[in-house]
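Below: one structure, written as structure tokens.
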Amino acid sequence: MSYFRTAAALTLGIVLTTAVLPARADDDDDHDRAFGAVERGEALSLPEVMARAKQQLRGEVVGTAFTREHGRWIYEFKVVAPGGKLRRVYVDAASGKPVRDDDD
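Note that the sequence shown covers residues 138 to 241 in our numbering.
Quick look at the structure:
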């Protein structure tokens, strides 16, 4: 396994073992919002949502965000598909069901 693949696998492992991660270093509020929503029972944890949406997350997850859209919590996943195309998959945080999939 190449160094890059090993590093990517370790990074993904860390993501899956934490309850939530901020999407970007400049947006630490994602973590606080997600933690609070999970604590209040308004959202599932990141690992649980990733497991439920596994079919739609085909590819390598390279980023996440946690936002409120139209009155519900949404996890946004940036995914590099096997062909190298960047996709964004939006998943309802309460149910773990995908709500939309946008190709960039």
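Yeah, the Cβ is synthetic: ideal placement off N, Cα and C, and Gly gets one too.
Taking C-beta atoms as the reference points, residue 216 and residue 196 count as a pair closer than 8 Å. The beta carbons of residue 228 and residue 212 sit closer together than 8 Å. Rounded to whole angstroms, the separation of the alpha carbons of residue 230 and residue 209 is 8 Å. About 6 Å separates the beta carbons of residue 235 and residue 190, which is inside the 8 Å limit, making them a contact pair.
Around the beta-carbon of residue 237, fewer than 16 other beta-carbon atoms lie within 10 Å, marking it exposed. In the DSSP assignment, residue 237 forms a beta bridge with 227. Nearest to residue 239 by alpha-carbon distance, out of 171, 169 and 194, is 194.
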